[in-house]
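Q: Numbering follows UniProt numbering, in which position 46 of the sequence shown is assigned residue number 46; successive positions increment by one, without gaps. Ideal Cβ positions, reconstructed from N, Cα and C, are used throughout, including at glycine.
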Amino acid sequence: MAQLGLHTVVSASLGEMFFEVELLRDVSVPAKSLDRNGLRVPQRYIVKRLLNGLINEKACKDHCYFLSVTNLKSIDREQGTVNESRVVFFPVTFLCRTFLPIKGEILHGVIYATYSFGVILRCGRVVL
Numbered sequence: 001m002a003q004l005g006l007h008t009v010v011s012a013s014l015g016e017m018f019f020e021v022e023l024l025r026d027v028s029v030p031a032k033s034l035d036r037n038g039l040r041v042p043q044r045y046i047v048k049r050l051l052n053g054l055i056n057e058k059a060c061k062d063h064c065y066f067l068s069v070t071n072l073k074s075i076d077r078e079q080g081t082v083n084e085s086r087v088v089f090f091p092v093t094f095l096c097r098t099f100l101p102i103k104g105e106i107l108h109g110v111i112y113a114t115y116s117f118g119v120i121l122r123c124g125r126v127v128l
């Protein structure tokens, strides 16, 4: 599983509740996945670890829900660090589309459940 650092670089609004944010994450790769020449790991493997980490993370306090990775900006293979348990961490910079409902915004959906503190609203597919 990818261990993700929580670094945000910049964000831009795509509409009322959708944002494009540039994030920096430290993606962990087990040392057994490295080749014999050092810190060479296929890009596809690092991206897969990044996506799996985001799927498990699902959301964060600052950006709310992660929808999709839209652009991979860089994988800094030169800055890879190894810890005592033989796991290498690579800093990865990428653009991610997020969904952040703001107080006062109108959402269209179907009420799934009601509670004394509010409702759970089921929204359909998000088409961007």
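Short of 6 Å in beta carbon distance, which residues of its chain neighbour residue 76, apart from the five on each side in sequence? Order them along the chain.
A: Once the five neighbours on either side are set aside, the close Cβ partners of residue 76 are 91.
Q: Residues in the same chain with beta-carbon distance under 6 Å from residue 122, minus the five sequence neighbours each way, listed in chain order, please.
A: The answer, listed in chain order, is 109, 110, 112.
Q: Can you confirm whether the stretch 95-109 touches the stretch 24-35 when touching is taken to mean that 3 or more C-beta pairs between the two stretches lie within less than 8 Å?
A: Short answer: they don't touch.
Q: Between which two residues does the beta strand (DSSP E) holding residue 47 run?
A: Where residue 47 is concerned, there is no enclosing beta strand (DSSP E), although the alpha helix (DSSP H) it sits in stretches over 43-57.
Q: Can you list, in chain order, the residues of its chain with a C-beta nearer than 8 Å to that of residue 46? Leave out the 5 residues immediately preceding and following it.
A: Around residue 46: 27, 29, 75, 90, 92.
Q: Select from 104, 118, 99, 117 the residue whose C-alpha is nearest the C-alpha of residue 18.
A: When only C-alpha atoms are compared, the closest one is 99.
Q: Pick from 97, 83, 114, 49: whose alpha carbon is nearest that of residue 62?
A: The shortest C-alpha separation from residue 62 is found at 97.
Q: On the DSSP bridge list, what partners appear for residue 97?
A: Residue 97 is bridged to 20, 68.
Q: To the nearest angstrom, how far is the alpha carbon of residue 55 from that of residue 116?
A: About 30 Å.
Q: Opposite residue 120 in the DSSP bridges: which residues?
A: In the DSSP output, where bridge partners are listed per residue, residue 120 has 113.
Q: For residue 49, count the other beta carbons within 10 Å of its own beta carbon; 16 or more makes it buried, fewer makes it exposed. Which is it?
A: Classification of residue 49: buried, given that the 10 Å Cβ count is 16 or more.
Q: How is residue 25 classed by DSSP in three states: helix, strand or coil?
A: Here residue 25 sits in strand by DSSP.
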